[in-house]
Every structure is written in structure tokens, then in C-alpha cells.
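If you count by this note's numbering, then the first sequence holds residues 3 to 359, one letter each, in order.
See structure below.
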Amino acid sequence: MQQLGVAPNYLTYPFLVKASARLSNQESGVSLHAQIIKTGHESDIFIQNSLIHMYASCGNIIGAHKVFDSMQGKNLVSWNSMLDGYAKCGDMVLAHKVFESMQDRDVRSWSSLIDGYVKAGEYREAMAIFEKMQVVGPKSNEVTMVSVLSACAHLGALEKGRMMHKYIVNNGLPMTMVLQTSLVDMYAKCGAIEDALFVFRGVSKSQTDVFIWNAIIGGLATHGLVEESLKLFKEMQMVGIRSDEITYLCLLAACAHGGLVKEAWYFFESLVKCGMTPTSEHYACMVDVLARAGQLTAAYQFICQMPIEPTAPMLGALLSGCINHRNLDLAEIVGKKLIELDPNNDGRYIGLSNVYA
DNA sequence: CTAGGGTTAG
3 MQQLGVAPNY LTYPFLVKAS ARLSNQESGV SLHAQIIKTG HESDIFIQNS
53 LIHMYASCGN IIGAHKVFDS MQGKNLVSWN SMLDGYAKCG DMVLAHKVFE
103 SMQDRDVRSW SSLIDGYVKA GEYREAMAIF EKMQVVGPKS NEVTMVSVLS
153 ACAHLGALEK GRMMHKYIVN NGLPMTMVLQ TSLVDMYAKC GAIEDALFVF
203 RGVSKSQTDV FIWNAIIGGL ATHGLVEESL KLFKEMQMVG IRSDEITYLC
253 LLAACAHGGL VKEAWYFFES LVKCGMTPTS EHYACMVDVL ARAGQLTAAY
303 QFICQMPIEP TAPMLGALLS GCINHRNLDL AEIVGKKLIE LDPNNDGRYI
353 GLSNVYA
């Protein structure tokens with residue numbers, strides 16, 4: 003466009019700024035901001051709102067606030083963008099402050115606040131806000147319910163989760179894939195695997211994506227339904243959904259749970275073969291598999307040949323294996339390393355003190 | 001033309 007000598011106008015900039023936000027590329031966002039000022043578009047409310055969102059998405063909440071403060075005519079989008087910016091940055095004190103200062107609040111304002119509390123791990127507060135919303139706020143929609151279901155999942159609040167499911171159906175909220183994934187995850191995390199499978203089976207296979215497969219495969223794995231988990235992975239491959247790093251993490255977790263050492267090696271190798279880079283979580287899972295199976299030397303050697311530094315969960319898994327399989331010499335070595343790495347690791351420290359007892 | 005949601009975490 004620029005090569006052709008066509009200049010962006012006030013309708014172009016929001017898209018460009020949004021792209022920078024999506025990419026979390028503050029550099030390009032800042033250069034757009036400069037261009038916006040140079041071309042005299044800095045007081046366009048759509049452009050200002052997109053700039054708030056861009057800065058917040060790049061983690062620059064100060065930059066976002068500067069744009070927000072510079073505005074003379076703020077609208078609900080401006081306030082919602084600022085609120086969501088604080089919520090996304092995890093500053094729920096300021097997010098709540100913004101929320102309280104607003105004259106008008108729509109479903110997005112409430113949803114951003116609820117989601118912020120969920121992301122901050124304050125699930126009870128998130129539920130409290132949702133209950134208040136039902137009394138004094140606008141009707142919640144399918145986006146609100148995703149965050150609410152996530153709160154129920156983390157609280158293990160199965161009955162509440164069921165109520166939310168009924169609320170969604172009774173109010174005719176659109177059953178999006180995101181919502182169905184949240185339902186699968188909620189039921190799985192609350193231990194209602196049958197319900198998770200029921201929701202999952204209600205999605206036509208051609209509509210599925212990697213997220214919902216990961217949710218059900220991971221849910222089955224964490225509840226020890228290892229065979230079913232691996233069976234669903236095969237099904238996922240048959241449907242032609244490309245697995246990702248998280249799929250493999252779920253599979254390795256399933257192997258750890260079921261004591262499937264051979265299968266774990268196979269998945270670890272597949273992960274690399276598919277061009278993915280194992281993360282420290284993958285390595286930790288692999289160590290866990292080997293340690294649980296009593297293959298302590300193999301686990302130790304595996305850690306030594308990794309291209310990354312060992313992490314506390316990794317050494318913790320190995321230490322547990324050493325203790326359970328009565329290899330106290332190795333336990334002492336691993337325990338010392340673990341304390342070096344993470345001096346505040348109480349639980350593991352207690353594990354180690356058992357070695358000396 | 002601008003703002004909100006899902007999968008890992010022993």
C-alpha cells in the first residue's frame with residue numbers, strides 16, 4: 003500500500019493497530035502511533051481506543067493509560083479497553099477501580115472484570131462478581147460463561163457448574179466451540195468425566211479443533227483413564243486434527259499416570275519428529291514417567307542430557323521416585339540440587355527429610 | 001474502523 007503511494011486513512015489505522023496488538027508487537031504499534039500523530043489522526047476516538055488496546059496487549063499499561071488520559075471524549079469502548087488492560091495485566095485493584103468509576107457498564111465490562119479475577123486465580127471473587135451481575139448487571143452471554151465455567155472448574159464446584167450449564171441452555175446462549183470446550187474442561191476438572199464425554203460427543207467431529215481434543219484427552223489423563231485418553235488421541239489423528247505441544251503434554255501425563263514408559267518415549271520422540279520443541283514441562287513429565295517406574299538412572303541421565311536447565315518440578319519428580327524406590331544415595335544428590343534451586347520448596351524438603359529419618 | 005472467552009499445572 004505504501005509502496006503504491008496510497009496513504010492509510012482514519013479507517014485503516016484501527017486495523018493496523020489491532021494487528022500490532024494481536025502480534026504483541028509494540029515496536030510496530032509505536033511507529034503507527036507516531037504516524038497517526040503526524041497525519042493528524044490522534045484525536046479520532048476509534049484510533050485512540052485501538053491504541054489503548056494495543057499498548058495494554060503489549061503489557062505497556064502506562065502507555066495505554068497515557069492515551070486514555072489524553073482523550074477528551076471517552077466512550078464505553080475506551081473504558082472497557084482500559085478495564086480489560088488492567089485485568090489482563092493482572093492488576094485487579096486498578097481494574098476494579100476503573101470498573102467502579104464507569105457510568106455505564108455493559109456485558110463486556112462485567113465479563114472483563116470476571117475474567118480478570120479468574121486469570122488472577124481469585125475464583126471466589128469471580129463468582130461473587132457474576133452473582134452480583136445477575137442481580138444488578140446486564141444479562142451475561144456466552145463469553146461471560148466461559149470465564150464463569152473456568153472459575154467453577156478451578157473450584158471443583160460441580161453443582162454450580164451444572165447450574166451454569168443449565169443457565170446456558172435455558173437462556174439459549176450460542177453453543178460455540180469455546181463454550182463447549184469450557185464445559186468439557188469444567189466437567190473433567192470436577193471429576194464428572196461422563197458429563198465431559200457427553201458434551202464432547204455432542205460436537206460433530208468435523209467442527210472440532212485442537213483445544214477441545216486437548217481438554218478431553220487431558221481430562222481423561224488426569225483422572226487416570228489412561229486407555230481412554232490414548233484412544234481419543236488415536237481418534238483425534240483419524241479426524242485429522244493436528245496435535246500440538248499441549249496434546250503431547252496431556253499424553254505424557256497420561257503415561258505418567260498409567261506407568262507407560264514405552265508409550266511415553268514414543269510420544270516424546272513423536273513430539274520432536276513433528277517439529278515441536280519440548281518445553282521444561284515435557285521434560286518434567288518424562289522424568290516423572292521414568293522416576294515412577296523406578297528407572298532412576300535413566301531419569302537422571304535424561305536430565306543430564308537435556309538442552310535446558312533442570313527445573314524444580316523435574317527434580318521434585320525424580321526425588322519422589324528416589325524415595326519411593328528406596329534409592330537414598332541418589333535422593334540425597336537430587337535433594338541437595340533441588341534445595342539449591344528452590345530453597346522455599348517446603349513439600350519437597352519434607353520429602354527429603356524422610357530420607358534421613 | 002475500536003473493547004471480552006477455551007486446552008498443561010504434580
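Note that beta-carbon positions come from the ideal geometry of N, C-alpha and C, so glycine has one too.
- Note that the C-beta distance between S152 and V109 is not below 8 Å.
- The alpha-carbon separation between C252 and V336 amounts to approximately 26 Å.
- With a cutoff of 8 Å on beta-carbon distance, P176 and E127 are scored as not near each other.
- C-alpha of N51 to C-alpha of T178: approximately 27 Å in a straight line.
- Along the stretch 67-96, the alpha helix (DSSP H) occurs as fully enclosed runs of 4 or more residues at 78-90, listed in sequence order.
- The shortest CA-to-CA distance from G75 to any of M308, L330, E44, L317 is the one to E44.
- Counting every other CB atom within 10 Å of its CB across the protein chains shown gives C324 a total of 16 or more, marking it as buried.
- R203 and C60 have their C-alpha atoms spaced approximately 38 Å apart.
- Between V212 and S184 a beta carbon distance of about 15 Å is seen, past the 8 Å cut, so the two are scored as non-contacting.
- In the structure shown, N172 falls within a helical segment according to DSSP collapsed to helix, strand and coil.
- Inclusion of R107 and G87 in the CB contact set at 8 Å is not warranted, their separation being larger than that value.
- The three-state secondary structure of V205, taken from DSSP, is coil.
- Separation of the CB atoms of Y57 and G31 is rounded to 7 Å, and the pair is thereby assigned contact status at 8 Å.
- Counting of Cβ neighbours within 10 angstroms places A9 among the exposed residues, the total staying below 16.
- A Cβ-Cβ distance of about 6 Å is found for the pair L53 and V19, placing them in contact under the 8 Å criterion.
- DSSP places M238 in the uninterrupted alpha helix (DSSP H) bounded by 228-241.
- Secondary structure within the stretch 272-334: the alpha helix (DSSP H) runs of 4 or more consecutive residues, fully enclosed, are 282-294, 298-306, 314-326 (chain order).
- For N216, the secondary structure class from DSSP, reduced to helix, strand or coil, is helix.
- Take the alpha-carbon of N173 and the one of R164: they are about 14 Å apart.
- With a cutoff of 8 Å on beta-carbon distance, L85 and S114 are scored as near each other.
- Shown here, Q28 sits in a helix according to DSSP, grouped into three states.
- The C-beta separation of A89 from G42 comes to about 32 Å, leaving the pair out of contact by the 8 Å criterion.
- The beta carbon of A155 sits closer than 6 Å to the beta carbons of D187, M188, K191 from its chain, once the five residues preceding and following it are set aside; these are given in chain order.
- Apart from sequence neighbours up to five positions away, no residue of its chain approaches H67 with a beta-carbon distance below 6 Å.
- Listed in chain order, the non-local C-beta contacts of I214 below 7 Å within the same chain comprise M179, Q182, T183, V186, F202, V205, local neighbours out to five positions each way being set aside.
- The beta carbons of I49 and Y15 sit closer together than 8 Å.
- In chain order, A23, S83 place their CB closer than 6 Å to the CB of H55, counting only its own chain and leaving out the 5 sequence neighbours on each side.
- A straight-line Cα-Cα distance of about 24 Å links C257 and L332.
- About 16 Å separates the CB atoms of V263 and A286; that is not less than 8 Å, and the two are not in contact.
- Using a 10 angstroms sphere on the CB of I310, the tally of other CB atoms stays under 16, which defines it as exposed.
- The DSSP-derived three-state label of M135 is helix.
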